[in-house]
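2 protein chains.
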Amino acid sequence: MTRTEPAGTPLGDDFHLYDTTLRDGAQREGISYSVADKLAVARLLDELGVGFIEGGWPGAMPKDTEFFARAAKGELALKHAVLVAFGSTRKAGNSAEKDEQVRALLDAQAPVVTLVAKSDRRHIERALRVDVAEACDMVSDTVSFLVREGRRVFLDAEHFFDGYAYDADTALRVLEAGANAGADVVVLCDTNGGQLPLGLAETVREVKARTGFRLGIHCQDDTACAVANSVAAVQAGATHVQCTANGYGERAGNADLFGVTGNLVAKLGMEVLPTGGAAELTRVSHALAEIANIAPDTHQAYVGASAFAHKAGLHASAIKVDPLLYNHIDPALVGNDMRVLVTEMAGRASLELKGRELGVDLAGQPEALTSAVKKVKRLEAEGWSFEAADASLELLLRKETGEEDEAPFTLESYRVVLDHRSDGEVISEATVKVHVKGERVIATAEGNGPVHALDAALRKALSPYLSWLDSVELADYKVRILAGRSGTDATTRVLVESSDGENEWTTVGVHPNIVEASWLALCDALIHKNLRG
Amino acid sequence: MTRTEPAGTPLGDDFHLYDTTLRDGAQREGISYSVADKLAVARLLDELGVGFIEGGWPGAMPKDTEFFARAAKGELALKHAVLVAFGSTRKAGNSAEKDEQVRALLDAQAPVVTLVAKSDRRHIERALRVDVAEACDMVSDTVSFLVREGRRVFLDAEHFFDGYAYDADTALRVLEAGANAGADVVVLCDTNGGQLPLGLAETVREVKARTGFRLGIHCQDDTACAVANSVAAVQAGATHVQCTANGYGERAGNADLFGVTGNLVAKLGMEVLPTGGAAELTRVSHALAEIANIAPDTHQAYVGASAFAHKAGLHASAIKVDPLLYNHIDPALVGNDMRVLVTEMAGRASLELKGRELGVDLAGQPEALTSAVKKVKRLEAEGWSFEAADASLELLLRKETGEEDEAPFTLESYRVVLDHRSDGEVISEATVKVHVKGERVIATAEGNGPVHALDAALRKALSPYLSWLDSVELADYKVRILAGRSGTDATTRVLVESSDGENEWTTVGVHPNIVEASWLALCDALIHKNLRG
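These protein sequences, in sequence, are chains H and B.
Counting along the first sequence from 1, when you hit position 496 you're at 496 in full-length UniProt numbering, and nothing is skipped either side.
Counting along the second sequence from 1, when you hit position 439 you're at 439 in full-length UniProt numbering, and nothing is skipped either side.
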């Protein structure tokens, strides 16, 4: 619990890129992160180089409590970012140090705490049912207690803009209560998301002039202006911006981290990420969509697959001559690509780079690189996605470079039978016929679903022959149905995350049949383990 | 070819809500309107009450030529809107009246023509390869020819903002060429979509002051600011706004008609639609998504299904007391609805509210409410999630209130066999045994995956007995693997979205076996359809 400032960004602590995907973003309908998901999200955000990662609300949500506990035990080593715990001020009539929820914030051991406080008099009086003086005491007591305990504290002033319009004095008193008690940043929240940029910028400028406090901004997208409002607030003097990955959040969502960052970097020239960070925006956006199990928005600004795709025949030839006349920025700046039917890996340069990262040298083998680019493009057009499946990509690249394909086994056939019997019981049984170390092996096993049964049968068949097999376990399994309107006859993409206790790796399989797609990913997982030993 | 002004809107011709879904919106990857589609889109836009409908580019696109021909023959009777043909100025070195493309614009017989002209000197010199004087002549010749022929003309100044920043004089000369020749509105286009609201508003204000022309605005969404930029331009003096339905368009898309209109009506108090038009925004948005064959964006501002959905159980009771404290506008204003999401954190208040929304009155049945709350909590702890599955929740609530369970069929058993044969082929086959209308029916079918096969077998068994079955189709199918670290032995949650062409409804199934989970959701979908008739 030492560093409370972002590390490695040119702007240092002068500007805060603050992510709340794991707390406010998780309010989006349909998102439900496991603790492993949360750790993976935090690692990706740190790779990108955001300054602060709000991990959740310890004490209020059991998964969040566990997340902070595992982070504190060393499962989350952050290079750039600082971990933040979110919570509310003490209850009315209590003391901060005796408040259970406030204690839970301390127990989370995050170096920074963001406290939410009501700043709209109507909410204070009607929802909180206290007077303004008590509301301010709740803020100052809690802030000063946490500061005494060694935490850096930010204050989220909930419903600030509506509150300021209704009763500016109350709204400012809440900010003062926080700042005077030691809160480092007071964050103006457009909680209901009803603001427009010109008016919001005016308010931010006014509040800055009246208080001199360090201001943050938190916008919701109910007017479709969350990104615009966030950027306008920065232009008006805010130096701390709260966003979520891909704008995930309640109702219409939050300000999209990638849109906001793209604008700050490309339009305002602010170095809010470490060197090289901006070029990771597209990759990280897609990986975070994968973890949230939400199809990436192909038309998302800056990072969408279509963000720089040109359909207008009108422009086609002119684009070739002078691409920058038809793009608002160079797509490479944010790690994106101009081609129509863009894929993340489509370019030679990025595939070569990725190969180097995976230990496959493609630089000296232009033909292998060409054929790998072609193959990746073809597979991605069929629905494969290697963004979150490095292990499968590595196997593909090794095959293209002519390295021997050392599959530890080959399949003859499998059969899976699912029975929903008349007594209501549901049974899954799988039989595999495989060849391993010169032997033909048949094994049958049951499982609580078709993929589980198949995995069990495969293990039963192979484990006498492959000594390392027992150490490998399936850590996570994700299914994504591709193509919008075709129901159960659509293509299925399966991601399998495996672990041997030391390392974790992810493989992918795509097929119209979910069981076959799973089989492909399961096999890659074992082949990859065999390769690495 | 008489009326050139919008009819029936309080603002009349003083403000133009201009839609270009059929031309610029059709640039979106994946959209391909038939002529019948185009007519249907135009009718819906007219029902909503937009002032101008740009129908396409006659002469350049055969379907557009046909659309205008059929519209002129009386297939499109517009109540509010005026039809607009889009095209470009004459070619360099030609005369307007001899230019084939310009003649095609006349032949389209639309009362208004919007001409696109380059206003960025770099584009004029490098793409058009003429000098600025000739570019201006192309504009003034074409505008004055069309005006002489009785057309009202608007001028789209392409790449205006980039051009103005690079060489303001050239950009202004192009505007002048158009306005002096008789163009009624000069439209400032952010063609590359690189603008931010504060700067864009400043430019609009400046151009208005320097020229006094009637100004329009056309924004692309490459900075995720198209809606914000459009609204900022109106605040800065533009009185003509070009949008597309749901923001469809090239790259990141255009300014969303529904977001822009929502803001103009709800935030700026401008009566840009006929009386009652705003309340049609949600319906028309969804209908236009249907025609475009694109799933509606559930998180779209104002009109998305989740735009007013609240998840935080924390607030549920407060929301019931004072909904406007938690919504930026009354959702009814735009024809939307406040939805309460049932989640783990939910209590009696939100379930009662949800029941009312679904037409199940729990207020007078405290015992049924108690047992429903208990059941929902238990199921959600097991991994069920009703927040996106209203139809399943409705069935559950009806059961708790003692309404008869009128399942149209019962299951005896099913069996699914999946074969990956030694020749590599993968086969899925399902057999169901069901009881329907006193009969025991057995049916077998194949599919390209286990769920598809099961769905096919069930339909085969039931369709002779249930006349409505053929109208029901699976519109979407989602799979979520629950629980973090347990791999393939985890619980699976399946969401099935069904449609009968008029209504859509979503059901949920949870089970360790993905096929059984799918079965549960499929059955709920049919039972719900049977209930509603």
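Just so you know, even glycine gets a beta-carbon here, dropped at the ideal spot from N, CA and C.
Values in this document were obtained by computation on a predicted structure and should not be read as measured data.
Three-state class that DSSP yields for residue i in the structure shown
i: Q109 of chain H; result: coil
i: V494 of chain B; result: strand
i: D137 of chain B; result: helix
i: H528 of chain H; result: helix
i: W468 of chain B; result: helix
i: R485 of chain H; result: Below a pLDDT of 50, predicted positions are generally treated as unreliable, and R485 of chain H, at 40, falls in that range; the measurement from the model is reported next regardless. Reduced to three states, the DSSP call for R485 of chain H is coil.
i: G519 of chain B; result: The displayed chain sequence assigns Trp, not Gly, to residue 519 of chain B. It is helical.
i: residue 535 of chain B; result: Here chain B comprises residues numbered 1 to 533, so residue 535 of chain B is not present and cannot be evaluated.
i: E271 of chain H; result: coil
i: N263 of chain B; result: helix
i: E443 of chain H; result: Going by the sequence as given, residue 443 of chain H is Ala instead of Glu. Looking at A443 of chain H - three-state DSSP - the assignment turns out to be strand.
i: A430 of chain B; result: strand
i: M1 of chain B; result: Confidence at M1 of chain B is low in this model, with a pLDDT of 49, below 50, so the placement of that residue is unreliable and no value is reported for it.
i: K118 of chain B; result: strand
i: R152 of chain H; result: strand
i: T298 of chain H; result: coil
i: Q365 of chain H; result: coil
i: E75 of chain B; result: helix
i: G93 of chain B; result: coil
i: G25 of chain H; result: helix
i: H328 of chain B; result: coil
i: N513 of chain H; result: coil
i: G193 of chain B; result: coil
i: S350 of chain B; result: helix
i: A388 of chain H; result: coil
Which listed residue (the options) has its alpha carbon closest to that of residue i
i: P10 of chain H; options: H:M270, H:E412, H:H123, H:R173; result: H:M270
i: W519 of chain B; options: B:E502, B:R440, B:L466, B:T431; result: B:T431
i: G199 of chain B; options: H:A232, H:N192, H:C219; result: H:A232
i: G359 of chain B; options: B:E394, B:Q365, B:S350, B:E403; result: B:E394
i: S428 of chain B; options: B:G193, B:G212, B:R415; result: B:R415
i: L175 of chain B; options: B:R3, B:D137, B:Y302; result: B:D137
i: R23 of chain B; options: B:T114, B:D99, B:T4; result: B:T114
i: D156 of chain B; options: B:G87, B:V496, B:V479, B:F15; result: B:G87
i: V376 of chain B; options: B:T275, B:V426, B:S392; result: B:S392
i: Y18 of chain H; options: H:V185, H:V204, H:V451, H:R173; result: H:V185
Cutoff 7 Å; reference residue i; Cβ partners in own chain excluding five residues on either side
i: E352 of chain H; result: L362, A363, L369
i: E134 of chain H; result: A92
i: G182 of chain B; result: V143, S144, V147, V153
Start-to-end residues for the beta strand (DSSP E) that takes in residue i
i: K478 of chain H; result: 473 to 481
i: Q242 of chain B; result: 240 to 243
i: L83 of chain H; result: 82 to 88
i: Y414 of chain H; result: 410 to 420
i: L17 of chain B; result: 16 to 19
i: G216 of chain B; result: 215 to 219
Beta-carbon contacts of residue i that lie in its chain and below 6 Å, excluding the five residues immediately before and after
i: K529 of chain H; result: V472
i: I514 of chain H; result: T492
i: V340 of chain H; result: Legend: pLDDT at V340 of chain H = 38, less than 50; position of this residue unreliable, value from coordinates given subsequently. For V340 of chain H, where only same-chain residues beyond five positions count, the Cβ hits under 6 Å are A309.
i: T2 of chain H; result: none
i: A252 of chain B; result: D221, D222
i: L397 of chain B; result: G355, V360, A372
Neighbourhood of residue i by C-beta, 8 Å cutoff - its chain only, sequence neighbours within 5 removed
i: K63 of chain H; result: Y33, S34, V35, K38, G56
i: L462 of chain H; result: P408, F409, V434, V436, V441, L469, L526
i: A279 of chain B; result: A332, L333, V334, G335
Range of the contiguous alpha helix (DSSP H) that encloses residue i
i: R205 of chain H; result: 197 to 211
- Task: Could you please tell me which residues of the segment 197 to 209 of chain B, in chain order, have their CB closer than 7 Å to any CB of chain H?
- Result: P197, L198, A201
- Within 8 Å of chain H by C-beta, residues of the segment 51 to 77 of chain B in sequence order: none
- Message: At a CB distance below 7 Å, what residues from the segment 83 to 96 of chain B approach chain H? Give them in sequence order.
- Response: none
- Below 9 Å between beta carbons is the criterion; list the residues of the segment 146 to 173 of chain B that meet it against any residue of chain H, in chain order. H159, D162
- Can you list, in chain order, the residues of the segment 418 to 430 of chain B whose Cβ is nearer than 8 Å to any Cβ on chain H? L418, D419, H420, R421, S422, V426, S428
- Near-chain B residues of the segment 243 to 256 of chain H (beta-carbon distance less than 7 Å), N- to C-terminal order: E250, R251, A252, G253, D256
- Message: By the 7 Å beta-carbon criterion, what residues does the segment 24 to 48 of chain B contribute toward chain H?
- Response: Q27, E29
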